[in-house]
Amino acid sequence: MNYKLLDGKETSKQIKEEIAEEVKQIISKGGKRPHLAAILVGNDGASETYVAHKVKACEQVGFKSSLIRFEDTITEDELISKIKEINLDEDIDGLIVQLPVPKHISEEKIIETVSPEKDVDGFHPINIGRMTLGMNAFVSATPQGIIDLIQRYNIKTSGKHCVVIGRSNIVGKPVSILLSQKSNTGNATVTLCHSRTTNLKEICKQADIVIAAIGKQGFVTEDMIKEGAVVIDVGIHRVKSDKTKTGWKLKGDVDFEKVAPKCTYITPVPGGVGPMTIVSLLKNTLIAAKKK
Ligand code: NAP
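Going by the numbering used here, the residue at position 238 of the sequence shown is 277; the numbering climbs one at a time, nothing skipped.
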């Protein structure tokens, strides 16, 4: 089968241009520049990279961004009081705390301290609750990015069987809710699979759309996919490679080379869901700024 790529890189570029245009309009009418604040605790390499990408994306669309850094010795109380201070800062529209935080700090408390109005990561229970009820809410970035990709490529979800593999709070669970929602990008029949699912292969083989968010490189193989399926790969894994200058390359949860020929559409890794995730964060920040 001649598969088509769900090009997250290109789609996210288009969306960024649309956001940049909207920012220009806001500024030309005397409005305030949207402002995203990011808190980074410690020096974890992956977190540093993610935050740097987010700050760069803010610059690309004309947002103001503030990166607030703390040593990993910061106490939970100190971090909470900084979040409360930002919650009250009129100039800041969106706030993200890069996760994970050090073990002595409760992730749950941090998530609950961020004001739901500034929670552009969509992690606060109020936003997750509202999203689940189909109300206006900040939807977390990766699930929203997946939905936007599906929408921009006009992939029909209504009446389709979607199999989501992985039930994490940040990817699998919310995307399964969004796909089953009574909406233009929902109305699917969704099966949510996890490590205790029996007959995973048989269930996947019935799927019109497979969303792989497992965290295991190359987990989804061609014998799990039916001809003509749409496959969306959320996984990101750094693997050694002697074919790149850096000595490594990125791979997903799907065995792309073998699975792609069976698909109508498939996301590449890199350049699929990853760039869409950052763009969703920008979209949420713009919404937060416009609400004011
Ligand atoms: P996670 O929290 O580790 O969750 C993994 C899920 O996969 C769990 O629900 C787990 O089941 C399930 N699972 C594990 N082994 C399985 C098996 N053998 N069969 C069926 N299900 C299995 O992972 P995550 O945070 O959702 O992330 C998933 C992947 O996406 C990772 O590679 C991550 O790096 C990547 N990611 C990418 C982006 C992006 O922007 N592209 C964003 C977020 C995450 P149990 O619940 O039963 O343990």
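Ideal Cβ positions, reconstructed from N, Cα and C, are used throughout, including at glycine. Keep in mind it's a predicted model, so treat the numbers as computed, not measured.
Count the other CB atoms within 10 Å of the CB of residue i; is the residue buried (16 or more) or exposed (fewer)?
| i | result |
| --- | --- |
| M263 | buried |
| K212 | buried |
| N166 | buried |
| M170 | buried |
| V278 | exposed |
| G286 | exposed |
| K123 | exposed |
| P168 | Looking at the sequence shown, residue 168 is not Pro but Gly. Exposed, since its Cβ has fewer than 16 Cβ neighbours within 10 Å. |
| P182 | buried |
| V120 | The sequence shown places Ser at residue 120, not Val. By the neighbour-count rule (16 or more Cβ atoms within 10 Å), S120 is not buried but exposed. |
| D187 | buried |
| Q53 | exposed |
| S67 | exposed |
In chain order, what residues of the same chain have a beta carbon less than 6 Å from the beta carbon of residue i, not counting five sequence neighbours either side?
| i | result |
| --- | --- |
| E305 | For the record, residue 305 in the displayed sequence is Ile; it is not Glu. The residues are Y42, V270 and A299. |
| S51 | P314, M315 and V318 |
| Q256 | H276 and K290 |
| S215 | V203, V229 and L231 |
| E110 | none |
| N323 | V159 and F177 |
What's the C-alpha gap between residue i and residue j?
| i | j | result |
| --- | --- | --- |
| T196 | V203 | 13 Å |
| K288 | D281 | 9 Å |
| E129 | K331 | 9 Å |
| L325 | T237 | 42 Å |
| T193 | E146 | The sequence given here has Asn at residue 193, not Thr. Rounded to whole angstroms, N193 to E146 spans 37 Å at the Cα level. |
| K142 | H92 | 24 Å |
| F295 | V259 | 9 Å |
| C97 | D247 | 35 Å |
| V90 | Q137 | 7 Å |
| H140 | L321 | Here residue 140 is Val; the residue named in the question, His, does not match the sequence. C-alpha separation (whole angstroms): 22 Å. |
Output needed for residue i: all residues of its chain with C-beta closer than 7 Å, excluding positions within five of it in sequence on either side, in chain order.
| i | result |
| --- | --- |
| I253 | I204, G205, G274 and D292 |
| I125 | A76, I131 and L134 |
| N175 | R169 |
Could you name the residues of the same chain whose beta carbon sits closer than 8 Å to that of residue i, not counting the 5 residues immediately before and after it, in chain order?
| i | result |
| --- | --- |
| D46 | P307, G310 and G311 |
| A327 | P73, D132, G133, E156, K157, V159 and F177 |
- Item | Within the stretch 201-274, ranges of the beta strand (DSSP E) (whole runs, at least 3 residues) | For secondary structure counted as the beta strand (DSSP E) over 3 or more consecutive residues, the stretch 201-274 holds these complete runs in sequence order: 228-232, 248-251 and 268-272.
- Counting only runs of 3+ residues fully inside the stretch 79-155, write out the beta strand (DSSP E) ranges in chain order. You should have 103-109 and 133-136.
- Item | In chain order, each beta strand (DSSP E) run of at least 3 residues that lies wholly inside the stretch 281-331 | DSSP runs (the beta strand (DSSP E)) wholly in the stretch 281-331: 287-290 and 302-305.
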